[in-house]
Structure formats: structure tokens, C-alpha cells
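Step one of this worksheet: look at the structure below.
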Amino acid sequence: MVSLGPAKPTFYCVINKNKNANLTHGLNPSQRGTHGRPQPLALRHEALPACSGESRESPPHRSLLHLQPFRPPPLQSTCSKFIIVQVLCLSSCKFIRMSILNKRKKPEPKPGGGGLVESDRVVLNVIKSKKEMAIWTRDLKKETNLPDPIINKCLKNLQALGLIKEVAHVQMKGRKHYIAAEFEPSKEITGGSWYVDGNLDTAFIDQLKDLCLKIIRKLKVATADGVYDFFKTNRLTNTDCTSQQISEILRSMVLDNMIIDVTSTGLGEYHSIPIGKLCYRCPPAGDLSQGPITGAMVSIPCGVCPRIRQCTPDGLISPSTCVYYTKWLDF
Amino acid sequence: MVSPHGIKLAVHLISTYFGDLVSKVCECLLRKGTLSLAQVIRYTELGKQKVSDALLVLIQHNCAQSFTIQQPGGFGEAPKIVTQYMALHDNIIHHMRFPKFLAIVSDEFGQECMEIFEGLLQHGRLSLNQILDRHKDKHRAIVTSGENSTAANVVHENFNKLAQARYIERCHAHEPFLAPEEGDTPAKKRTARSKMGDVPQTLEARALAAAAPMESIRFLVEADTWSNATLDDDSKKNHTTEIVGEKRKQDCLEPIPNKEILWRVNFEEFVRLLRHKCCVSHVTTRMDNVVGIVLSAIFDASRREETKVKMENTVPLPMNTIFEEAMKSEEGRSLTLERVRASLVQLGCELPTLGIDETYSVDLKKIIDQAQAQEVESIVLKKYGREAYRIFRLLSESERLYETDKISSTTFVEKKDALKILFQLWKDDFLHMERLGNEAQKSDILLWKLNKRSLWEQILDDMYHAALNLKLRLVHELEQAKVILRVLKGKTLGDEVLQKRKRVGDKWKVLESSLMILDDAIMLFHDF
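Structure (C-alpha cells):
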């Protein structure tokens with residue numbers, strides 16, 4: 439926390455700058471001597487409400503961080519004391535005038551985080567620390583220990599500066615997640631290559647499935663690599679597909695019974711494929727995806743009846759009073 | 442252990458064929474297991490005569506088996522010999538398949554053989570003489586006395602054909618005695634190894650094994666013929682005057698002086714045949730015709746060598762035998778050796794590295810498993826939709842636990858939808874779910890698994906339930922039609938009435954054919 443660097447809350451900078459201009463000839467408080475008196479500190483306390491309302495809302499640790507010891511050089515005589523009082527009076531007037539100006543004119547944050555306020559910086563650091571895993575706003579609040587309005591403001595600022603971005607979490611769509619601009623969200627967040635904005639890209643998947651089916655029909659028997667090579671050589675899609683993606687598509691097509699997976703025998707149609715290698719082909723009886731023709735149970739109402747467990751010969755639901763049967767036998 | 446709806450269906454079948462009394466006794470045996478006569482009387486609360494009559498009917502029709510065991514007597518009493526009765530659930534359900542069995546015999550051997558076979562199905566068990574008498578009764582009007590001997594020869598010949606094809610067999614022993622097992626005697630302690638090594642056979646299985654005729658005489662007709670030949674003409678005449686049913690009763694109740702050999706239908710052979718057909722049909726659909734031809738050829742070539750119905754692998758056969766058998770069929774004539782070999786590889790056979798001893802054995806269990814999975818998948822597809830079908834197929838590939846995220850990503854189903862589907866399948870007992878606590882995410886990880894064994898049992902029970910429902914609906918429809926027909930009796934039939942009749946006929950056809958198809962699926966899950 440101490441290593442925040444040169445950027446400090448604006449109002450403190452203003453105060454110090456003004457006071458330093460008169461009292462310490464532009465030296466930073468940290469650069470001044472170790473002897474100190476309580477007067478300047480009292481002055482600072484008087485000046486604080488005029489600087490900004492934000493300062494009172496700042497958490498104690500932040501105040502501690504910025505209330506650097508302010509120790510003016512030791513005074514030698516009463517004359518010099520008088521001069522100093524005059525100077526201070528003048529300077530305080532000037533300070534008030536300038537602080538009003540400063541309040542109106544908010545300093546523009548510089549790109550790269552140079553002009554960020556402290557809370558922005560804290561929030562940004564926490565977000566950055568999560569790298570490609572992104573962070574949920576609730577977790578951000580816990581980690582930074584900042585109130586909601588400040589966090590929201592910070593997030594807005596940081597987003598406006600292009601330092602962070604919002605990402606959709608594939609599994610928790612209702613929760614806002616933020617990630618630093620320099621990172622790409624991880625697979626856990628996006629759901630992998632098949633997801634766009636947290637939603638499954640079904641159109642793309644279906645398109646790939648169709649293409650794969652056409653390729654397998656054309657090639658008759660093909661391995662996953664064979665299908666991928668076909669894709670590459672013929673440039674069938676605008677988007678780039680990886681070999682892994684093609685394998686995943688083929689696997690899902692097997693589960694869909696659109697194609698079947700077989701092991702190459704090296705004979706006949708498999709002559710170009712090494713023996714024992716997994717390859718894909720279309721089912722001989724055409725598209726099996728509509729389910730087996732011989733499904734005995736599905737051809738009768740009881741096979742898919744949602745009330746089969748409640749059905750008894752003499753019960754309220756029975757085969758003689760069954761509406762599904764009546765509908766089925768209505769010809 | 443028979444499933445609840447399996448018992449209900451069996452009881453319904455017995456009730457339809459033999460009446461309520463017999464079905465009550467049968468239900469008692471199916472639900473309570475093996476019982477003595479006294480126990481059956483106690484449980485059914487029926488009279489002794491009625492119970493024994495019902496048991497005799499069940500035994501006559503091969504739906505029950507009796508056997509005697511030795512039970513220890515009371516204090517100071519000698520051990521008692523008690524007759525026990527057990528219901529044969531499989532045989533009861535086979536009654537539903539009689540039209541299929543008849544069609545097989547009719548296709549293979551023609552009408553005359555079918556008549557003999559039909560007699561055996563109707564009466565449960567018959568001797569050769571009874572079959573001859575039945576034939577005479579049936580063809581009395583057509584056949585003159587001079588042609589009697591020729592007709593008898595033809596019947597005998599046909600009977601021989603059926604026995605050779607193993608479609609009929611000698612009946613099991615009526616009341617085999619089961620000696621106490623070695624383990625029962627306290628003097629001889631079983632070693633730990635013997636306890637672990639062999640699974641103890643159930644009493645019922647031991648009784649069936651003891652009752653079964655020796656394999657060498659199971660299909661032997663000669664001995665029967667010779668013994669029958671010694672019978673006097675008088676006894677033959679006596680038999681002809683009696684009604685078959687009456688005589689059957691006498692056979693059961695009274696000891697037969699010249700013990701005739703009784704024959705019955707060999708259900709096992711039909712189940713085997715239908716299992717072969719199912720396998721061939723499955724590989725033909727899944728692969729191609731040639732594979733079906735080759736598998737069929739393997740079955741034909743090894744038909745005699747199969748020792749049990751549920752053979753996991755076919756009998757190993759040399760390449761030449763398979764090829765020759767395949768060439769016998771019309772479709773297989775154009776096949777080359779290389780094509781047959783490729784088909785065998787498609788069936789999962791491994792090519793031998795050395796070409797000297799080229800024998801092949803096909804994994805039938807795998808084919809049956811695939812066919813069963815296909816049936817269940819079709820239910821999932823129709824009931825829960827395409828995405829559920831994909832998820833189910835993923836889980837059925839390997840019976841292990843899958844995480845929801847993994848399922849969702851592999852099947853391309855949104856996690857929310859996947860979770861919904863999985864919960865639905867779990868609710869209907871299709872899946873097993875396990876929760877895994879996750880402290881970091883403060884939420885449970887859900888793992889899903891398909892337990893094939895329990896699911897398959899449940900599906901079979903549902904199938905029995907569906908079959909019972911089809912039967913009951915058929916009864917209901919006919920009952921409704923009866924009312925319509927009774928009203929219209931004696932009147933001229935108008936177009937409207939004819940149309941109604943046609944509609945009833947159509948309904949009957951649909952229900953019956955659906956039952957036959959469903960029965961194939963029941964056999965797939967239970968008998969294959």
C-alpha cells in the first residue's frame with residue numbers, strides 16, 4: 439500500500455503544493471526536516487473540509503497513508519514568527535481560492551494509471567491480481583473493503599479508461615465479472631471456444647456438424663485429422679478451426695448417432711488408414727439420428743408415458759381408461 | 442428374482458388360459474417362491490383338491506415343477522420327504538410367444554409338422570400315441586381306414602423331424618429327489634477356498650438340473666417308438682376313445698402302467714433361434730447385409746454345438762467352414778473369401794497373425810448389449826429429446842461418474858439445460874447422482890453415472906408392465922366390441938356396422954402386433 443508512487447489524492451497534493459510553495463519552497467513533505475510543530479497540521483485540518491468532501495469518507499488507513507508528517511523548519515525569532523503568521527494568512531486565502539478551483543476542475547486521469555485516484559488504483563490492482571480468471575464484483579468488494587458506490591465509480595472510471603473490461607461468465611451469467619484489459623478471459627470464464635458472450639454458439643456448431651457430415655459422406659471413411667485437413671485445404675469456414683475443435687465436433691456427432699466410430703482394419707475402404715486407428719463413417723442404414731427403427735417400447739403409448747408408475751389395472755389411471763391409448767387407437 | 446410386473450403379467454396369462462383358480466395358486470408360488478402343498482393351501486386359503494388340481498394343470502403345461510427334498514424331522518423323529526412346487530416364470534411368459542413358435546415351425550417344416558407342434562402347445566405334454574390319436578381325430582372325416590397306417594407313418598416322420606430339429610424334447614422328470622447338499626451336513630466343513638470358488642446353486646436351479654433328461658436321450662425318438670410299438674392295439678383303442686384333456690388328467694393323477702414317454706416343446710431352442718435372428722438383424726442394420734449373412738452362416742454351422750442359450754461367444758469355427766456355410770445361402774453366393782474376412786473383422790474378430798489356424802469366434806454379448814442399449818436410447822430420445830439422448834449415450838459409453846460441466850461441454854448442451862435434463866433423468870431413475878462438497882466454491886459438484894444393471898432391470902419391468910397393459914387394453918376393446926356385436930346379432934349388417942367391425946379388427950391387429958414387437962424386446966432384455 440505504501441508503494442503507491444507519486445500519484446496521491448488530489449486534494450492532498452493541492453494542499454501540500456500550496457503550503458510548500460510558501461513555507462518550504464516547493465519541497466515535498468517527505469523531503470523536509472524531522473523537526474516539526476503542530477501548527478501546520480492544524481492548518482491542514484482546517485483546510486480539509488474546504489478541499490473535498492471525499493476526504494472525510496476515506497477509510498482510516500488511507501488517511502494514515504497520506505497524512506505524511508509535515509514539519510516546517512525551526513523558527514528563530516518573534517519577527518520571523520510575525521512574518522510567518524502573515525504569510526500563512528495570505529497563503530490560506532490563496533489556498534482556499536485554489537482549492538475551490540481544484541474542486542471544480544477534476545484532474546484528468548492519465549492513461550496508464552498515472553492519474554488514477556487511490557480507490558481506482560486499489561480496485562485495478564485487485565482486478566489485475568486475478569489475471570485471466572476475472573473477478574466478481576462481490577468478491578472485489580470483499581477484497582478491497584470499499585463501499586459499493588466507490589467500487590462502482592472506480593469500475594466505471596477504469597472501464598472508461600480502458601484499463602478493465604467486463605466479461606460474461608459462462609456459468610454465472612447474472613454475476614458481473616471484470617478482468618484487466620491486458621488479459622484474455624480464461625476457458626473457465628468464457629466456456630471455451632464454443633461460447634460467444636457466455637452463450638453456446640449453436641449456429642457455428644451446427645454449421646460445423648453439417649460440413650463434417652458432408653466431408654465424411656464424401657470421403658466415406660475418415661479420421662479426425664483427415665476431416666481437419668480437408669477443412670484446411672478447402673478453406674471451408676471463415677473462422678479458424680483447430681484440430682481439437684473438429685475432434686470435439688466429431689465426438690458429439692457420434693453421440694448424436696449421425697456418424698459411427700470404427701476402428702480401421704486396413705482393408706477395403708480403410709486401406710489408407712493405419713490399422714487400429716479410430717475413424718468415422720456414416721451408418722450404413724442412412725441417418726440413424728432419428729433413433730432406432732425397432733424401438734419396441736416407443737411405438738406404444740406406455741413406452742413414453744409419464745404416468746406409467748401410477749398406472750394399475752383397476753386404478754384411476756388404467757389401460758382401459760388411458761387417454762393416450764384412446765388417442766393412439768383412434769383411426 | 443422376477444420383477445413385480447413380470448409376476449403380474451404371468452398371473453394375467455395364466456388367468457386367461459386356465460382360469461382364476463389356477464392363477465391364484467400360480468401367483469402364490471411366484472410371490473412366495475417354492476412351497477409345499479400344505480403351504481400353498483395355507484396361503485391361498487383354497488381346498489386341498491382345488492390346489493392339487495391347479496398344481497397339476499400348471500405341471501401339465503410346464504408352468505410349474507415339483508421335486509422332493511428331505512427335511513429334518515422333529516425331536517426323535519425320522520427325516521421327512523416333502524414334495525415342493527415351484528412356478529416356472531419363463532415358461533409361463535413363453536405362452537405369449539406361441540404364435541411366434543408356430544410360425545417358425547410352419548415356415549421350416551410345413552403344415553403337418555405344425556399340427557403336431559400345435560397339439561403339444563395346446564396340451565403342454567403328450568406322448569407319441571396321443572399325438573397320433575389327435576391326428577386321427579382331426580382327420581377322421583378325410584382319412585379312410587386303409588390309409589391309417591400311412592398317416593401314422595407320416596405323423597411319425599414329422600415327429601422325428603421336430604425332435605431332430607430340437608423343437609421338441611422329452612419331458613423333465615416329474616418329481617426328482619434332491620439329496621441334501623454336502624454343505625448341509627455339519628460333519629463336513631467347507632474350506633474357505635471352496636466357499637469363495639463356487640457360488641452355491643439355488644434349490645430351484647438344482648431341482649431343474651435334476652429334472653432335466655440326460656442330453657443323450659433328450660431328443661431320442663427311437664426308444665420311444667420301440668416302446669410304443671410293443672403297446673397292444675387294445676390300449677391304443679382305449680386311448681382313441683378318450684378326449685385328450687381327460688386322459689391327460691388321468692396321466693397326471695394315476696400311475697401309468699406302461700410308462701409312455703411324454704414330449705413337450707423345447708422352448709430353449711426357440712429362444713436360441715430368436716436370439717440368433719436378433720443378432721443377425723442388429724448387425725445387418727448397424728453394419729451391412731454381408732456381415733449379417735456371415736453371422737447367420739456362423740450360427741447355422743455351429744447350431745448343434747451350442748451348449749446353452751446365453752452363449753457369450755460363438756463356437757470357434759475355421760474360416761473354410763464359415764465360407765462354405767455362407768456360400769450355401771442365395772445372397773452369399775457371390776461373396777469372396779476376402780469379403781467374408783473383412784466382415785468378420787467388422788464383427789470384432791481379430792485376424793490371426795499366422796494364417797495356418799484361422800478360426801473365428803464372434804462376441805455375441807457385445808452385439809446383444811448394443812441392441813439393448815439401442816432400445817433404451819430410443820426411449821430416452823422420444824421421452825426426453827435429442828439433447829438428453831446425446832447425454833445418455835455419453836454416460837452409457839462408460840459406466841463412470843461424469844461431472845456436469847464435462848457432460849455439458851462434451852455434448853454441446855448449455856450447462857443450465859444439461860442440469861435440467863440430468864435432474865429429469867435422475868428423477869425417473871435413469872441415472873445415479875452423487876454430490877461432492879466443494880468448500881472453495883461453497884457449492885456442491887454434481888456427478889452423474891448410469892447404472893446399467895439396475896436401469897436395465899427397470900426397463901424390463903416397464904416392458905412387462907406395457908405388455909400387460911396391451912393385453913388388458915385388448916380385452917377392454919374386445920369387451921366393448923362384444924356389446925356392439927350382441928346388439929347387432931341377427932340383423933343385416935349395414936355399411937356403418939361393417940365399418941365399426943373393421944375398426945375393431947384394426948385395433949386388434951395393432952394391439953396384437955405391438956405386443957409381438959414388445960415381446961421381442963422383452964426377450965432381448967430377459968432371455969438373450
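Protein chains in written order, with the working numbering: chain A, 439 to 769; chain B, 442 to 969. Each residue gets a CB set at the ideal place from its N, CA and C atoms; glycine is no exception. Only a predicted model underlies this, so the values are computations on that prediction, with no experimental measurement involved.
Could you work out which residue in the options is closest to residue i when comparing CA atoms only?
i        : options                                   : result
B/Glu746 : B/Glu710, B/Glu828 and B/Leu476           : B/Glu710
B/Gln490 : B/Gly474, B/Val466, B/Lys473 and B/Thr475 : B/Val466
B/Lys473 : B/Ala528, B/Leu860 and B/Gln865           : B/Ala528
B/Leu478 : B/Ile848, B/Leu822, B/Gly447 and B/Leu497 : B/Leu497
B/Val724 : B/Arg780, B/Leu758, B/Gln787 and B/Asn761 : B/Gln787
B/Leu872 : B/Leu842, B/Asp846 and B/Thr852           : B/Leu842
A/Val564 : A/Glu570, A/Leu578, A/Glu556 and A/Val555 : A/Leu578
A/Lys603 : A/Ser681, A/Ala618 and A/Leu562           : A/Ala618
B/Gly565 : B/Gly517, B/Val817, B/Tyr484 and B/Gln506 : B/Gln506
A/Arg673 : A/Leu599, A/Leu646, A/Leu593 and A/Ile573 : A/Leu646
B/Ala606 : B/Ala651, B/Ile734, B/Ser547 and B/Ala593 : B/Ser547
B/Asp858 : B/Leu661, B/Leu562, B/Thr475 and B/Arg831 : B/Arg831
A/Lys765 : B/Thr509, B/Lys948, B/Ile958 and B/Val452 : B/Lys948
B/Thr643 : B/Ile658, B/Leu619, B/Ser657 and B/Glu656 : B/Leu619
B/Ala962 : B/Lys923, B/Lys718, B/Glu840 and B/Leu915 : B/Lys718
B/Ser568 : B/Asp741, B/Gln501 and B/Pro759           : B/Gln501
Of all Cβ atoms in chain B, is any one closer than 9 Å to the Cβ of residue i?
i        : result
A/Met571 : no
A/Leu539 : The predicted model places A/Leu539 with a pLDDT of 45, which falls under 50 and marks its position as unreliable; any figure quoted below should be read in that light. By this cut-off, A/Leu539 is not an interface position.
A/Trp632 : yes
A/Thr703 : yes
A/Ser557 : no
A/Pro751 : yes
A/Thr680 : no
A/Asp694 : yes
A/Tyr616 : no
A/Cys650 : no
A/Ile684 : no
A/Gly741 : yes
A/Tyr718 : no
A/Arg745 : no
A/Phe669 : no
A/Ser710 : no
Could you give the residue range of the alpha helix (DSSP H) that holds residue i?
i        : result
A/Leu674 : It is not in any alpha helix (DSSP H) - A/Leu674 carries neither H nor E in the DSSP assignment.
B/Lys816 : Looking at the sequence shown, residue 816 of chain B is not Lys but Glu. Here the alpha helix (DSSP H) through B/Glu816 covers Leu805 to Tyr825.
A/Tyr763 : Val761 to Trp766
A/Glu686 : Ser681 to Leu693
B/Ala738 : Asn730 to Ala742
B/Ile455 : Pro445 to Phe459
B/Arg581 : Looking at the DSSP string, B/Arg581 is not in any alpha helix (DSSP H), and its letter there is neither H nor E.
A/Thr615 : The sequence shown places His at residue 615 of chain A, rather than the Thr named in the question. No alpha helix (DSSP H) holds A/His615; the beta strand (DSSP E) holding it covers His615 to Ala618.
Return the first residue and the last residue of the beta strand (DSSP E) that residue i is part of.
i        : result
A/Thr701 : Ile698 to Thr701
B/Ala505 : Ala505 to Gln512
B/Ile522 : Lys521 to Ala528
A/Cys717 : Leu716 to Arg719
A/Glu626 : Counting along the chain, A/Glu626 falls outside any beta strand (DSSP E), though it belongs to the alpha helix (DSSP H) covering Lys625 to Thr628.
B/Val706 : Leu703 to Val706
B/Ile609 : Ile609 to Arg611
Can you tell me the Cβ-Cβ gap for residue i and residue j, rounded? I've got them flagged as a contact below 8 Å.
i        : j        : result
B/Ile533 : B/Ile455 : 6 Å
Flag residue i as yes if its beta-carbon sits less than 9 Å from any beta-carbon of chain A, otherwise no.
i        : result
B/Leu891 : no
B/Ala907 : yes
B/Leu454 : no
B/Phe969 : no
B/Ser668 : Because the pLDDT of B/Ser668 is 47, which lies under 50, any placement of that residue in the model is unreliable, and the number read from its coordinates should be weighed accordingly. So, not an interface residue.
B/Arg831 : yes
B/Arg876 : no
B/Glu937 : no
B/Ala783 : yes
Mind pulling the chain D residues with CB within less than 8 Å of residue i?
i        : result
B/Asp729 : Among the protein chains of the structure shown, namely A and B, there is no chain D.
Verify the contact flag: residue i, CB atom, against every heavy atom of the ligand MG, threshold strictly below 8 Å.
i        : result
B/Glu953 : You won't find the ligand MG in this model; it holds no ligand whatsoever.
Contacting positions in the stretch 952-964 of chain B - beta carbon closer than 7 Å to chain A:
Ser955, Ile958, Leu959, Asp961 and Ala962
Give, in chain order, every residue of the stretch 508-539 of chain B whose Cβ lies closer than 8 Å to some Cβ of chain A.
Legend: CB atoms of the stretch 508-539 of chain B lying less than 8 Å from CB atoms of chain A are not found in any residue.
Contact residues within the stretch 639-663 of chain A, judged by C-beta distance below 7 Å to chain B
Under the 7 Å Cβ criterion, the stretch 639-663 of chain A contributes Ile643.
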